[in-house]
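Enquirer:
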Amino acid sequence: MSDDVTATMPGESDEPPTGRPAGSEPPSVSVLWSTPDGAPPGPDVAAAECIHDLNLDQVLAGIIAGRDEYGLAEFFTRPVRYVADVHHRQEVFRDLEQDAVRAALEQFATSMRDARAQSGSARKRHYLWQSERWFLGAANAYCAAAARLTEQLAKAPLTSRGLTDLTAYLERYVGSSAFLSLRSEALDLVDRLGQVHYDLLIRGVKITAGHYDEEADYSKVVLRTFERFQQGAVKDHRIQHNPSVGINHVEAKVLELVASLNPDLFGALASFYQIREDFIDPVILRFDREMQFYFAYLSFLVPIRAAGLPICYPVVSSDSKQVRAAAAYDLALADKLTRSRETVVLNDFHLDGPERILVVSGPNQGGKTTLARTFGQLAYLASLGCPVPGREVQMPLPDRILTHFEKEENLDTASGKLEDELIPIRDIIAHASTNSVIILNEMFNSTTVLDALALGRVVLTQMSDLDCVGVCVTFIDELSRLSEKTVSMVSTVDPDDPTVRTLTLVRQPADGRAYAIAIAEKYGLTYAALKARVAS
Amino acid sequence: MKAHLLFRGQDLDATRELPWNTGDLAADLGLDGVWSAMAAGDDLVLQVARLVMLDPLTDPDEILYRQEVLSDALRRPGVVRQLYQVAGEGLAAERSVYRSFFSNRPEQTLGRSVAVLDLFVGVLRKLRQVGEEHAPGFRSPAFQTLFAVLADQLSEDYLSTVQQHLKQLRFRSGLLMSVRLGEGNQGIDYVLRLPREENRTFFKRVGLRKPTFSYTIPDRDENGFTALGELRDKGLDDVANAVAQSFGHVLSFFQALRSELAFSIGCLNLHGALEQVGQPLCFPVPKTRGGYACSARGLSDVGLALRSRQPVVGSEIAADGVTLVVVTGANQGGKSTFLRGAGLAQIMMQAGMFVGADVFEASPREGVFTHFKREEDDQMVSGKFDEELSRMSQIGDHIPPGALLLCNEPFSSTNEREGSEIGRQVINAMVDCGVVVVLVTHQYNLSDSFWQTREDRYLFLRAERDAVGGRSFRMVEGEPLPTSHGQDIYQRIFGRTLSWPTPETS
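Below you can see the structure in the form of structure tokens.
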């Protein structure tokens with residue numbers, strides 16, 4: 008992130024540059040980027056700091072959890088710079104709202120995962136006969152999944168460019184002779200191997216293999232004899248044999264015996280393994296990975312939605328600085344609260360006309376920091392092209408989100424706290440452009456009110472001069488009256504707290520009965536209380 | 004194959020936890036003495052007696068089912084004790100076969116199961132023979148069914164077939180199985196096979212159809228031997244499971260039979276002990292469920308009879324349709340004994356046992372609960388009054404409508420006005436919820452307030468006291484009196500009279 012690149016940001020254009028001659032065949036298909044070449048050239052938004060400050064590191068960790076193999080962190084730490092890319096992604100999200108489409112794509116992802124596991128498993132096998140068979144299984148699963156997905160997508164009413172392009176590609180691919188021959192060869196081999204049925208005779212240390220000869224099932228005879236002794240038996244003593252575990256050298260020897268019994272079939276299997284090495288199409292490989300961006304995000308939202316919290320597609324623009332959020336909330340906090348079934352508080356805020364900065368003040372523990380985080384999260388998630396936590400949201404597409412949250416005091420530095428705080432704030436102002444979003448939380452808390460007011464005024468004035476949008480949480484409410492660009496918001500408390508009991512003593516006639524009843528009440532033994540307990 | 008000597012069509016659940024108030028019930032009603040007379044040193048009997056008596060039957064048919072089993076046992080104690088002994092031999096047989104704790108491999112499971120089952124067959128045969136010999140002397144449906152099942156399921160033909168299989172399952176002439184190929188060409192669908200007749204040679208060796216290919220594990224290939232064992236296990240898995248389950252089933256049959264017989268043994272022991280004391284006993288008549296009914300003659304506390312080694316005086320009670328029994332009267336007049344006797348008889352009836360009475364007819368209740376005055380707060384965590392209240396509160400948490408609640412001087416650890424106010428609230432709430440309450444109290448304020456209601460369904464009993472202060476330890480019907488005759492006792496101890504204060508009649 009160097010300053011000169013920031014200066015050349017083409018904030019006015021919604022379309023990314025393609026650098027591709029018009030009319031040529033797209034070399035690839037992407038469900039993440041509106042240019043099929045992928046992410047356009049340009050700097051990544053300085054993400055790491057703001058991700059941490061906005062508690063988005065918790066959210067992102069939750070989103071990508073369990074999907075390590077896809078390397079999704081890269082996608083989620085790279086907000087887009089062009090509105091066209093936001094729209095490209097929102098379109099895909101909207102297509103995924105159709106249950107049939109989402110189910111088909113998720114099923115495909117599962118199949119691909121299985122196929123990869125099988126072919127990865129093939130590579131790890133010590134015994135060739137086994138590697139070959141895992142490889143065949145992977146190829147077969149891949150073919151079936153690709154064919155099924157193509158069929159399902161072809162009949163789905165898709166509107167996103169990402170998925171319609173992909174469907175067109177898939178249709179060409181599964182119709183190709185290369186794919187068709189791979190598929191029929193794999194099916195045939197799987198079928199023939201499934202029919203192999205052999206006998207093993209173990210006597211002492213000698214194992215003999217022959218073809219199965221329809222000998223009687225002795226298990227059945229034994230089971231029938233002992234049936235009357237098995238009533239009500241619940242414990243299962245059977246050993247679960249894990250088929251994905253590799254075979255041992257004796258089983259490998261047995262497999263050799265079986266191959267000797269079926270020489271033609273095993274010969275065909277060997278040549279399939281040699282000829283069909285890289286069977287997964289690179290476009291499909293990329294698509295499979297990119298789709299995980301959507302699945303990961305949507306599955307993170309499942310419990311949030313189940314708790315009844317609103318989610319919406321934000322209106323994102325590169326030429327308006329209007330901010331509008333109805334029923335918005337902090338996604339990290341909501342994730343935590345919904346787990347413990349607690350209520351999530353929703354907030355509204357907006358910046359209209361010349362307004363640029365929300366100045367938030369008021370009592371502590373009143374949700375000020377949460378509001379600041381919510382603002383930043385909306386900007387960040389919107390610029391990922393994702394649905395955001397709120398009922399209705401409009402955000403400018405930022406080139407950067409710059410945040411300042413109070414750090415733990417650093418004991419190693421000789422410099423004072425105020426100085427530690429001023430340096431990053433200076434850097435923020437230095438890096439910000441008119442298209443940035445700035446979130447300043449609890450600025451200058453460590454200094455005197457007078458200093459804080461003076462310094463805060465300087466910082467906010469600089470923000471105003473840049474004309475960028477943002478939030479400033481402060482204990483100095485004067486800052487909210489700085490100019491027409493600042494808007495005041497305050498946290499509030501409920502004046503009647505019903506949980507606290509009064510300790511006031513009032514004069515009343517003493518009454519032994521009342522005392523007894525008070526004790527009985529304590530133990531739930533009054534007539535009414537006890538009756539309700541016993542009857543229930 | 005089920006014993007079902009305690010429940011019609013159901014096993015005794017030996018893992019069932021004792022109810023939360025076991026400690027209170029045992030202490031208040033003197034159950035420990037009864038249980039130890041039943042056990043006569045046998046831990047299993049003790050454990051089962053406790054379990055069964057604290058899990059009351061509420062269906063009169065179920066109670067009669069068990070009474071019939073006990074009648075059989077009382078008629079043929081020798082045979083019942085013999086069955087108990089044979090079931091014990093089965094359990095001992097299982098313990099005699101070494102069990103490896105380090106392996107649950109099918110072949111080892113199979114080996115042990117086969118060895119134990121071999122021994123079990125002998126015990127089962129003995130059990131059937133006892134049945135064959137004595138079945139005609141038993142009248143209860145439970146024993147008749149048990150003997151019929153033994154005769155039917157354990158015929159000599161069947162037992163010898165089982166023994167043949169147990170021999171075959173040692174696979175002396177080789178192990179044959181069929182296999183298919185799985186996803187990674189590994190073997191799957193292992194099925195144990197019986198070799199074809201034509202492939203068994205003169206030397207009892209098994210062969211396969213040609214062509215065949217063989218592999219022999221080289222000497223000193225330890226891993227190879229282990230792998231071979233695993234391969235055998237795959238073929239043996241289903242069979243090992245079936246045989247192990249059979250072994251488990253027979254074992255649990257022996258366990259159930261012995262546990263369920265243990266209850267009969269306990270009753271035989273108790274019956275013997277009480278007969279020796281000379282305490283009159285009878286099988287109670289469980290009345291159909293519905294309203295509360297209880298009428299008895301000679302109702303006595305068998306626990307006291309066991310402790311004092313002499314027969315105790317019984318009381319008479321006619322409490323059909325009553326919802327609250329208020330017992331007042333002389334100190335040391337036998338009120339607590341009466342309360343314990345009533346509780347014990349209720350519990351014993353609902354366990355299907357005989358009771359200490361000449362006649363006892365009562366409706367089963369949804370459990371018996373006790374709230375007795377405690378001498379001290381042994382935990383020292385709360386004051387005595389708090390302790391009493393929290394005990395009652397726990398009862399409130401657990402007691403169902405239709406239960407029987409025995410209260411012995413509740414809330415007497417505070418002053419009478421407070422205590423009786425709380426007592427009224429608690430007892431009215433219980434009664435209105437359909438709990439039948441038997442209340443022993445000295446608090447005139449409390450007992451009189453129930454008397455003043457003139458409620459037909461309240462029964463008032465008084466510990467009998469003659470004109471000169473002598474006590475008969477019997478309960479007679481009578482309204483609460485404003486004194487508990489403490490002066491009698493005072494006089495006896497101190498040898499002089501005391502002017503007793505007149506209680507408030509607020």
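Heads up: the sequence lines are chains A and B, in that order.
If you count by our numbering, then the first sequence holds residues 8 to 543, one letter each, in order.
If you count by our numbering, then the second sequence holds residues 4 to 509, one letter each, in order.
Cβ atoms here follow ideal geometry from the backbone N, Cα and C, with glycine treated the same way.
Please read all numbers here as calculations on a predicted model, not as lab measurements.
#1: Going by DSSP, what residue range makes up the alpha helix (DSSP H) through residue 544 of chain A?
#2: Judging by CA-CA distance, which residue of A:379, A:204, A:116 and A:356 is the nearest neighbour of residue 409 of chain A?
#3: Can you name the residues of chain B whose CB is closer than 8 Å to the CB of residue 408 of chain A?
#4: Skipping 5 residues on each side, what residues in its chain have a beta carbon closer than 7 Å to that of residue 420 of chain B?
#5: Relative to the alpha-carbon of residue 111 of chain A, which residue among A:119, A:156, A:85 and A:164 has its alpha-carbon at the smallest distance?
#6: Does residue 382 of chain B get closer than 8 Å to chain A when you measure Cβ to Cβ?
#7: Quick check: is the beta carbon of residue 440 of chain B nearer than 8 Å to any beta carbon in chain A?
#8: Going along the region 424–437 of chain B in order, which residues come within less than 9 Å of chain A, judged by CB to CB distance?
#9: Classify residue 480 of chain B as buried or exposed, calling it buried when 16 or more other Cβ atoms lie within 10 Å of its own Cβ.
#10: Against chain A, does residue 339 of chain B count as a neighbour if the rule is that its beta carbon must be under 8 Å from one of theirs?
#11: Tell me whether residue 340 of chain B sits in a helix, a strand or coil according to DSSP, three-state version.
#12: Would you check if the region 45–58 of chain B and the region 10–18 of chain B touch, i.e. whether three or more CB-CB distances between them fall below 8 Å?
#13: Between residue 268 of chain B and the rest of its own chain, which residues show a CB-CB distance below 6 Å, the 5 nearest in sequence each way excluded?
#14: If you count every other CB in all the chains shown that lies within 10 Å of the CB of residue 292 of chain A, and 16 or more means buried, which is it?
#15: For my contact list, residue 341 of chain A and residue 351 of chain A are in at a C-beta cut-off of 8 Å; report their separation, rounded to the angstrom.
#16: Taking 8 Å as the cut-off, does the region 142–162 of chain A touch the region 253–270 of chain A (at least 3 CB pairs, one atom from each stretch)?
#17: Quick check for students: name the residue ranges of the beta strand (DSSP E) that lie wholly in the region 296–382 of chain A, counting only runs of 3 or more.
#18: On the three-pair Cβ rule with 8 Å, is the region 272–281 of chain A touching the region 270–289 of chain B?
#19: Going straight from the alpha carbon of residue 69 of chain A to that of residue 63 of chain A, what length do you get?
#20: Can you give the Cα-Cα distance for residue 121 of chain A and residue 260 of chain B, rounded to whole angstroms?
#21: Counting along the chain, where does the alpha helix (DSSP H) carrying residue 452 of chain B start and finish?
#22: Output needed in chain order: residues of the region 198–210 of chain A with a Cβ under 8 Å from some Cβ in chain D.
#23: Could you give the distance in angstroms between the alpha-carbon of residue 387 of chain A and the alpha-carbon of residue 40 of chain A?
#24: Label residue 23 of chain B either buried or exposed according to how many other C-beta atoms from any shown protein chain fall within 10 Å of its C-beta, with 16 as the threshold for buried.
#25: Is residue 397 of chain A closer than 8 Å to residue 385 of chain A when the C-beta atoms are compared?
#26: Of the residues that make up the region 11–29 of chain B, which ones have a beta carbon closer than 7 Å to any beta carbon in chain A?
#27: Helix, strand or coil: which one does DSSP assign to residue 411 of chain B?
#28: Between which residues of its own chain and residue 94 of chain B is the CB-CB distance below 8 Å, once the five residues before and five after are set aside?
#29: Cβ-heavy atom distance between residue 142 of chain A and the ligand ADP below 7 Å?
#30: Along chain B, in chain order, which residues have C-beta atoms closer than 9 Å to that of residue 141 of chain A?
#31: Short of 7 Å Cβ to Cβ, which residues in the region 137–169 of chain B face chain A?
#32: Would you identify the three-state DSSP class for residue 217 of chain A, choosing helix, strand or coil?
#33: Quick one: using the 10 Å Cβ neighbour count with 16 as the cut-off for buried, is residue 139 of chain B buried or exposed?
#34: Under a Cβ-count criterion, where at least 16 other Cβ atoms within 10 Å of its own Cβ denotes burial, should residue 357 of chain A be classed as buried or exposed?
#35: If you measure beta-carbon to beta-carbon, which residues of the region 232–263 of chain B are closer than 7 Å to chain A?
Expert: The short version:
#1: Shown here, chain A extends from 8 to 543; a query on residue 544 of chain A therefore has no answer.
#2: A:379
#3: Ordered by position in chain B, no residue passes the 8 Å Cβ test against residue 408 of chain A, which lies about 48 Å from the chain.
#4: 448
#5: That would be A:156, whose Cα lies nearest to the Cα of residue 111 of chain A.
#6: The predicted position of residue 382 of chain B is uncertain, since its pLDDT is 44 and thus under 50; a value taken from the coordinates is nonetheless stated next. By this cut-off, residue 382 of chain B is not an interface position.
#7: no
#8: With the criterion set as a beta carbon lying under 9 Å from some beta carbon of chain A, the members of the region 424–437 of chain B are 424, 425, 427, 428, 429, 431, 432, 433, 435, 436 and 437, in sequence order.
#9: By the 10 Å Cβ count, residue 480 of chain B comes out exposed.
#10: Interface residue (Cβ-Cβ distance to chain A less than 8 Å): residue 339 of chain B is not classified as such.
#11: helix
#12: Proximity of the region 10–18 of chain B to the region 45–58 of chain B meets the contact definition, three or more beta-carbon pairs being nearer than 8 Å.
#13: 48 and 87
#14: Label assigned to residue 292 of chain A: exposed.
#15: 5 Å
#16: no
#17: 322–324, 330–335, 354–358 and 364–368
#18: no
#19: 10 Å
#20: Between the alpha carbons of residue 121 of chain A and residue 260 of chain B lies a gap of roughly 52 Å.
#21: 447–454
#22: Among the chains of the structure shown, chain D does not appear; the protein chains present are A and B.
#23: Computed Cα separation, rounded: 17 Å.
#24: Per the 10 Å Cβ criterion, exposed.
#25: Their beta carbons are under 8 Å apart, which means residue 385 of chain A touches residue 397 of chain A by this criterion.
#26: none
#27: strand
#28: 254, 257, 258 and 261
#29: The ligand content of the structure shown is nil, which means the ligand ADP is not present either.
#30: 186, 187 and 188
#31: For chain A, the residues of the region 137–169 of chain B that bring a beta carbon within less than 7 Å of one of its beta carbons are 156, 164, 165 and 168, in chain order.
#32: strand
#33: Note on residue 139 of chain B: under 16 other CB atoms within 10 angstroms of its CB, so exposed under the neighbour-count rule.
#34: exposed
#35: 234, 235, 236, 237, 240, 241, 242, 243, 244, 245, 246, 247, 248, 249, 251, 252 and 253
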